[in-house]
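Participant:
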Amino acid sequence: MKKGIGIIGCGNMGSILVDAVISEGLYPPSLVYISDTRTEKTDKLKRALRVIPSDNRTIAENSEVVIIAVKPDKVKDIVTEIKGFLTPFTLLISIAAGLSTSKIEKFIGKKPVPVIRVMPNINVKVKAGIIAYCTGRYARKYDRIVEKTFSPLGVVFKLPENKFDIITAISGSGPGFLFYIAECIKKICREKGLTEKQSAIITKYLFYGSSKMLFETGEEPKILKDMVTSPGGTTLAGLEAFEKGNFPSLLKKVIERAEKRSKELREKI
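Just add 4 to wherever you are in the sequence shown, counting from 1, and you've got our numbering.
1) Residues in its own chain within less than 6 Å of LEU269 by CB, not counting five upstream and five downstream?
2) Please check the pair VAL150 and TYR137, which I expect to be a contact at CB under 8 Å, by giving their CB distance rounded to whole angstroms.
3) Less than 7 Å separating the beta-carbons of ILE120 and THR91?
4) Mapping the DSSP letters down to three states, classify SER234 as helix, strand or coil.
5) Let me know if PRO124 comes out buried or exposed under the rule of 16 or more other beta-carbons within 10 Å of its beta-carbon.
6) What is the residue span of the beta strand (DSSP E) that ARG121 lies within?
7) By Cβ distance below 7 Å, which residues in the same chain neighbour LYS50 in space, the five residues on each side in sequence not counted?
8) Taking TYR146 as the reference, give the member of ILE135, ASN166 and PRO118 with the closest Cα.
9) Could you tell me whether the Cβ atoms of ALA173 and ILE259 are closer together than 7 Å?
10) Can you grab the Cα-Cα spacing for the pair ILE185 / THR153, in whole Å?
11) Exposed or buried, what is GLU65 when buried is set at 16 or more other beta-carbons lying within 10 Å of its beta-carbon?
12) Just the C-alpha distance for ASP77 and LEU210, rounded to the nearest angstrom, thanks.
13) Hey, could you find the ends of the alpha helix (DSSP H) SER266 is sitting in?
14) Pick out the complete beta strand (DSSP E) segments inside the stretch 58-108, 3 residues or longer, and give them in chain order.
15) Quick one: Cα of LEU240 to Cα of LEU35, how far?
16) Would you kindly check if the distance between the Cβ of ILE12 and the Cβ of ILE72 is under 7 Å?
17) Write down the C-beta distance between THR105 and GLU68 rounded to the nearest angstrom, noting that I regard them as a contact closer than 8 Å.
18) For PHE181, tell me which candidate among LEU96, ILE20, LEU198 and ALA262 has the shortest Cα-Cα distance.
19) Can you find the residues in the same chain that come closer than 7 Å, C-beta to C-beta, to ILE171, ignoring five residues on each side of it along the sequence?
20) Where does the unbroken alpha helix (DSSP H) through CYS14 begin, and where does it stop?
21) Which one or two residues does DSSP pair with VAL159 in a beta bridge?
22) The alpha helix (DSSP H) with VAL2 in it runs from where to where?
23) Where LEU218 and THR62 are concerned, what is the direct C-alpha to C-alpha distance, given to the nearest angstrom?
In structure tokens form, the structure reads like this:
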């Protein structure tokens with residue numbers, strides 16, 4: 005019997021993964037098994053994509069790749085439930101924040117199951133995500149599968165596991181920080197008399213256009229910054245206010261605080 009792929013947990017990230025697997029033709033719907041404690045989630049995916057709602061044990065038994073996409077505090081129970089059905093040829097991928105590959109291997113026991121930890125960010129929703137991964141003791145030869153599965157959702161790269169706290173702070177939390185800045189800019193637009201519609205459009209295109217410049221010109225951020233900074237001009241005046249307010253130091257503190265919180269959460273699990 006040909007084995008498929010199983011996704012346990014069909015919340016935001018799990019649902020995005022199911023859709024990517026089908027839309028990219030990685031597996032046919034008949035070989036995509038899904039489970040979630042909320043049947044409305046699996047029913048919706050079944051109707052939309054013709055995938056197979058199942059239970060966790062059946063997923064483990066019938067899948068060559070099992071992706072666990074649940075909250076960190078649920079992972080141990082799920083792994084305990086399915087470990088008897090995992091084999092040394094079943095790739096187990098966890099996208100639960102803070103859970104190390106060694107901890108998941110400990111949940112499994114002595115069986116040499118390949119485990120990979122993946123950290124995607126929210127931008128996978130628009131297929132422009134940052135997806136970092138690291139491999140466990142028995143998963144050294146599975147890089148290609150991870151890259152093939154996740155590359156439709158953005159850029160995929162391998163990192164040492166000891167870098168996951170900082171990547172969580174930058175790529176995981178980073179979109180939230182940028183959305184906060186966008187929120188502040190939109191609010192200032194409104195305070196200065198622009199309409200709601202004008203403020204929204206200006207804010208969106210400010211971020212969209214600037215991001216596009218970074219991608220399409222291939223220039224470093226500093227070069228692009230200098231392109232819009234004239235001596236004695238408005239941009240320079242604003243940048244001087246940034247420097248006076250010690251913005252680089254503040255931004256570093258923001259990222260380091262998020263990194264510290266990632267470590268705190270990891271140690272609690």
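Quick reminder that beta carbons are idealized off the backbone N, C-alpha and C, glycines included. Bear in mind that the values here come from a model prediction, so they are computed numbers and not experimental data.
Facilitator: Once the coordinates are examined:
1) Working through the sequence shown from its first residue, we reach residue 269 at position 265. Excluding positions up to five away in sequence, the list reads GLY102.
2) Translated into the one-based positions of the sequence shown, residue 150 becomes position 146. Translated into the one-based positions of the sequence shown, residue 137 becomes position 133. Right, the Cβ-Cβ distance comes to about 5 Å (below 8 Å), so this counts as a contact.
3) As a working note, residue 120 is residue 116 in the sequence shown. As a working note, residue 91 is residue 87 in the sequence shown. ILE120 places its beta carbon 7 Å or farther from that of THR91.
4) Along the sequence shown, one-based indexing puts residue 234 at 230. Residue state, collapsed to three classes: coil.
5) Here residue 124 refers to the residue found at position 120 when the sequence shown is read from its first residue. Flag for PRO124 reads buried.
6) Start at 1 with the first residue of the sequence shown, and residue 121 comes out as number 117. 119-124 is the extent of the beta strand (DSSP E) around ARG121.
7) Here residue 50 refers to the residue found at position 46 when the sequence shown is read from its first residue. Here the set comprises PRO57.
8) In the sequence shown, the residue the question calls residue 146 occupies position 142. For TYR146, the closest of ILE135, ASN166 and PRO118 by C-alpha to C-alpha distance is PRO118.
9) The residue you call residue 173 lines up with position 169 of the sequence shown. The residue you call residue 259 lines up with position 255 of the sequence shown. The Cβ atoms of ALA173 and ILE259 sit closer than 7 Å to each other.
10) On the sequence shown, residue 185 is found 181 positions in, with the first residue counted as 1. On the sequence shown, residue 153 is found 149 positions in, with the first residue counted as 1. Here the C-alpha atom of ILE185 lies approximately 32 Å from the C-alpha atom of THR153.
11) Position 61 of the sequence shown, counting from 1, holds the residue named residue 65. So GLU65 ends up on the buried side.
12) The residue you call residue 77 lines up with position 73 of the sequence shown. The residue you call residue 210 lines up with position 206 of the sequence shown. If you take the alpha carbons of ASP77 and LEU210, they lie about 39 Å apart.
13) By 1-based counting over the sequence shown, the position of residue 266 is 262. Segment 251-272, the alpha helix (DSSP H) holding SER266.
14) Counting only runs of 3 or more, we get 67-72 and 95-98.
15) Residue mapping note: residue 240 aligns to position 236 of the sequence shown, counting from 1. Residue mapping note: residue 35 aligns to position 31 of the sequence shown, counting from 1. In this structure, the CA atom of LEU240 is about 57 Å from the CA atom of LEU35.
16) For the purposes of this step, residue 72 is taken as residue 68 along the sequence shown, with counting starting at 1. For the purposes of this step, residue 12 is taken as residue 8 along the sequence shown, with counting starting at 1. It is a contact, given that the beta carbons lie within the stated cut-off.
17) Here residue 105 corresponds to residue number 101 of the sequence shown, with the count starting at 1. Here residue 68 corresponds to residue number 64 of the sequence shown, with the count starting at 1. Not really, about 19 Å apart at Cβ, beyond 8 Å.
18) Looking up residue 181 in the sequence shown gives position 177. Out of LEU96, ILE20, LEU198 and ALA262, ALA262 has the C-alpha closest to the C-alpha of PHE181.
19) To locate residue 171, count along the sequence shown from 1; it is residue 167. So the list reads MET123, ALA136 and LEU163, once near-sequence residues are dropped.
20) As a position in the sequence shown, residue 14 is number 10, starting the count at 1. If you look at CYS14, you'll find it isn't in any alpha helix (DSSP H); DSSP assigns it neither H nor E.
21) As a position in the sequence shown, residue 159 is number 155, starting the count at 1. Answer is ILE134, bridged to VAL159.
22) Residue 2 lies beyond the stretch modelled for the chain, which goes from 5 to 273, so this question has no answer here.
23) On the sequence shown, position 214 is the one that residue 218 refers to. On the sequence shown, position 58 is the one that residue 62 refers to. Distance between the alpha carbons of LEU218 and THR62: 46 Å.
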